[in-house]
Each structure stands twice: as C-alpha cells, then as structure tokens.
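Heads up, the sequence shown is in this note's numbering, so the first residue is 6 and it goes up one at a time.
Backbone N, C-alpha and C define an ideal beta-carbon position, used for all residues, glycine too.
Keep in mind it's a predicted model, so treat the numbers as computed, not measured.
Heads up, the thing below is written out as structure tokens.
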Amino acid sequence: MSRRIPVQIYFAPEHAALIRDAAAADGISISSWVRQATLRAVARETGDRADRSERDLTFAITALDALLAAHPVPDLRARTYQTYGRKIDERALRRPLAVGGGQ
C-alpha cells in the first residue's frame, strides 16, 4: 500500500462548521469527508472530459463513415476498412468485433 501524503487545507470558520456537521452526519472523520468529497469532484471532472472526448470521437467516426459511404469511388469505404484492419494487425492491437459496419 502506498504511503498517504498529507495536504493541509484552510477553511473559513463557517465552511469548517459546515464540513464538521456534514462529516458528523455521515459518521466519519472530517479528514475522510474532505477526502471523499475531493475524490468525487475529481472523478466528476475527469469523467466529464472523458465523456466529451468519447462523444466527439463517436461523431467523427460516424461522419467519416458517412463520407466514405457517399464517396463517388464505390469501394473506397471497403478499402479503408481493409487498410484499417491491416494497420491494427501491424500494431498488434486487438481487433474490434465488427470492422467496417458488418463486413
């Protein structure tokens, strides 16, 4: 188990009272309450960023697939997916279950 690192925090008296009361209501120490609140806030912040990135990536993939499907060169989409599969293999990455929308 890694050693915990102390972090000193100063609160205004009214905030300290609110935290003390919240910790008491939860039946835990003030230190534990502040630690849990901080970790929840960090998880929420990083989770929001990850969700946003995943939504953006999903949009980009969907848009690219639509552009490939509508391209005047009829086999461009299929060739793109074949090249993608080859590059996945070259990099020794795990292949997705379905590559190329059911190909």
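Alpha-carbon spacing of residue i relative to residue j, whole angstroms
| i | j | result |
| --- | --- | --- |
| His20 | Arg57 | 32 Å |
| Arg96 | Glu50 | 32 Å |
| Gln87 | Ile66 | 16 Å |
| Asp94 | Leu44 | 38 Å |
| Gln108 | Ala28 | With a pLDDT of 43 at Gln108, under the threshold of 50, the predicted position of this residue should be treated as unreliable, though the coordinate-derived value follows. Going by the C-alpha atoms only, they are around 56 Å apart. |
Per-residue DSSP class, three states only, for residue i
| i | result |
| --- | --- |
| Tyr86 | helix |
| Ala17 | coil |
| Arg8 | coil |
When the options are compared against residue i, the one with the closest alpha-carbon
| i | options | result |
| --- | --- | --- |
| Ile3 | Ser36, Thr63, Leu72, Asp53 | A query on residue 3 cannot be resolved here, the shown segment of the chain reaching from 6 to 108 and no further. |
Residue i CB to nearest heavy atom of the ligand ADP below 7 Å
| i | result |
| --- | --- |
| Leu44 | For the ligand ADP, the structure offers nothing, since it holds no ligand at all. |
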